[in-house]
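Enquirer: Pasting a structure below so you can have a look.
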């Protein structure tokens, strides 16, 4: 949980707790999120925000991780896990939601302050400000251009692990439907 007094909105706090629990203990977001929403007594509007933040962040985390790596200049494996969760949530707001840029950055910095160190807040602020300098379509192009292979490009574009993409390709090929791979990946994230 986000500790200490914080200016982080209740909806964002709930989303962070769910994303963090999925990462830490393989929690099922669809089971945990309703419990956290009830426990936090969120309004319908805040519950909708928490839901979009949690599910959207989890759904696109593979793609967001590459954006974060490009913006931070380091692999996500070198970023403390709680701070990476904060960055993923913030990137979702910046690239996939209609959240004001200043609100997404400020909430991300506030959340980093609540879960990390003083230096983590500066790092989060810097990474998020770097991300705001490029439009979402520009990030999409940078992410796709960073791929080392066609398979990696597809995996990044649709935010699927490479092994899942390859397993789906094999299964579809066995059925004579290999040409449906991109449609399946797209539908899986809809």
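Numbering (the UniProt record's numbering), first residue to last: 1 to 190.
Note that the Cβ used here is the ideal one computed from N, Cα and C, for glycine as well.
Please report how far the alpha carbon of residue 114 lies from the alpha carbon of residue 35, in whole angstroms.
Expert: 22 Å
Enquirer: Check whether the segment 41 to 56 and the segment 70 to 80 are in contact - that is, three or more C-beta pairs closer than 8 Å.
Expert: no
Enquirer: Could you pull out every residue in the same chain whose Cβ sits closer than 7 Å to the Cβ of residue 19, ignoring the five residues on either side in sequence?
Expert: 54, 57, 58, 85, 88 and 89
Enquirer: Starting from the Cα of residue 149, find the closest Cα among 140, 181, 137 and 162 and give me that residue.
Expert: 162
Enquirer: Decide if residue 51 is buried, meaning its Cβ has at least 16 other Cβ atoms within 10 Å, or exposed.
Expert: When all chains shown are included, residue 51 counts as buried.
Enquirer: Report back the beta-carbon spacing between residue 130 and residue 71 to the nearest angstrom; my notes put them in contact at under 8 Å.
Expert: 4 Å
Enquirer: Would residue 5 be called buried (16 or more neighbouring beta carbons within 10 Å of its own) or exposed?
Expert: For residue 5, the predicted structure reports a pLDDT of 46, less than 50, and the residue's modelled location is therefore unreliable. A value from the coordinates is still provided. Residue burial is scored here from C-beta neighbours: residue 5 has fewer than 16 other C-beta atoms within 10 angstroms and is therefore classed as exposed.
Enquirer: If you reduce the DSSP assignment to three classes, tell me which class residue 194 lands in.
Expert: Lying outside 1 to 190, the shown extent of the chain, residue 194 is not represented and no answer is given.
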